[in-house]
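J.: Got a structure for you, written out below as structure tokens; questions coming shortly.
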Amino acid sequence: MQRIIVDLNISSDEYLRYYQGDARTVLAYSTDGRKVRFPAGVLQRVVTRDGVRGRFAILFNQQGKFEGIERVG
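Numbering-wise, my numbering comes out as the position in the sequence shown, counting from 1, plus 8.
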């Protein structure tokens, strides 16, 4: 399984836009400088009342399909 590390700082108000469907994808930059686009729905697993803040590993398979997300820092 492959992984990309991203730092996210999404407020609870901003996350609400994703949750309500106003925005469907998240655009972030990995710690090694790659542009990463992924479905906003994957953040449901890591959202708190403060939003989504911290360093996360986005896990995906050989075909590039999302497999999971986990906090790493």
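C-beta atoms are modelled at their ideal positions from N, C-alpha and C, and glycine is treated no differently.
1. Enumerate in chain order the residues of its own chain whose CB-to-CB distance from phenylalanine 6 is below 7 angstroms, with the five nearest sequence positions on each side excluded.
2. Can you list, in chain order, the residues of its chain whose CB lies under 7 angstroms from that of valine 60, leaving out five sequence neighbours each side?
3. When you compare only the Cα positions, how much space is there between arginine 57 and aspartate 21?
4. Give the DSSP bridge partners of leucine 67, in chain order.
5. Identify the residues that DSSP records as bridge partners of tyrosine 37: which are they?
T.: Walking through what the data contain:
1. The chain is shown from 9 up to 81; residue 6 falls before or after that span and cannot be answered.
2. Cβ neighbours of valine 60 within its own chain (closer than 7 angstroms, five residues either side excluded): Leu16, Ile18, Tyr23, Leu51, Val54.
3. One alpha carbon belongs to arginine 57, the other to aspartate 21, and they sit about 10 angstroms apart.
4. Residue pairing from DSSP places leucine 67 in a beta bridge opposite Arg11, Gly76.
5. Tyrosine 37 pairs with Lys43.
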